[in-house]
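Residue numbers (our numbering): 1 to 156. Notes for the one structure printed next.
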Amino acid sequence: MTELEYNIRQYFGELNQQDLDAIVSLFRVETATPEKIWAILTDFDRYPDWNPFIRSISGNVEPNCNIRVEIVPPEGKRMVFKPVVLRKEENNELKWQGLFDGEHAFELKRNEDGTTTFCHSEKFSGILVRWIDLKQTEAGFEQMNRKLKELAEVVK
1 MTELEYNIRQ YFGELNQQDL DAIVSLFRVE TATPEKIWAI LTDFDRYPDW NPFIRSISGN
61 VEPNCNIRVE IVPPEGKRMV FKPVVLRKEE NNELKWQGLF DGEHAFELKR NEDGTTTFCH
121 SEKFSGILVR WIDLKQTEAG FEQMNRKLKE LAEVVK
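Structure follows, in structure tokens:
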């Protein structure tokens, strides 16, 4: 079992190989508190200034409400979709479901050493999964997570 598969199982439980093929998930330990990272993640007006992947989020970001999300994958075309917010728990988790029945989530976990583990994931399901470009999505996650880390470590 790879480290990525182990981490995925820690967050999502046991999955079959088809599920693993349909998940993009990156874990980054930040030298910032969950509160600091949450403040950056939920300041949607500033996304165009720092977020190269998710260019905007607008609407009522509360459970059972639809939001508007615009993404631009690396070397990909701009996409706009309107998922429904599944969960919003301050300083802990924001999750929505939409395009291709994907569940997109930001999860924050405070570590005993004062750092934060940030899990940025997408679990795709449904018959259209085979046509999703997971490499582009993973590259977009990587770009966003790198920028988030830079911002979280600099902003006081």
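All C-beta atoms in this analysis are idealised placements derived from N, C-alpha and C, irrespective of residue type, glycine included. Here the structure is a predicted model, which means the values were calculated and not measured.
- DSSP, reduced to helix, strand and coil, places Glu93 within a strand of the structure shown.
- Taking all protein chains shown into account, Thr116 has 16 or more neighbouring C-beta atoms within 10 Å of its C-beta and is therefore buried.
- In this structure, DSSP gives Lys123 an extended state, which the three-state scheme calls strand.
- Judged by DSSP in its simplified three-state form, Ile37 adopts helix.
- When DSSP states are grouped into helix, strand and coil, Lys77 belongs to the coil group.
- Ala32 has its alpha-carbon roughly 8 Å from the corresponding atom of Gly114.
- Burial of Lys123 is indicated by the presence of at least 16 other C-beta atoms within 10 angstroms of its C-beta.
- Your pair Lys95 and Arg87 checks out as a contact, with CB atoms roughly 4 Å apart and the cut at 8 Å.
- Of Ile54, Asn60, Asp45, Ile132, the smallest CA-CA separation from His120 is found for Ile54.
- Looking from the CA of Leu41, the closest CA among Phe118, Trp131, Gly140, Asn111 belongs to Phe118.
- It is roughly 7 Å from the alpha-carbon of Val61 to the alpha-carbon of Val85.
- In this structure, Pro73 and Thr137 form a Cβ contact; the two beta carbons are roughly 6 Å apart against a cut-off of 8 Å.
- Nearest C-alpha to Glu35 among Asn51, Glu75, Glu107: Glu107.
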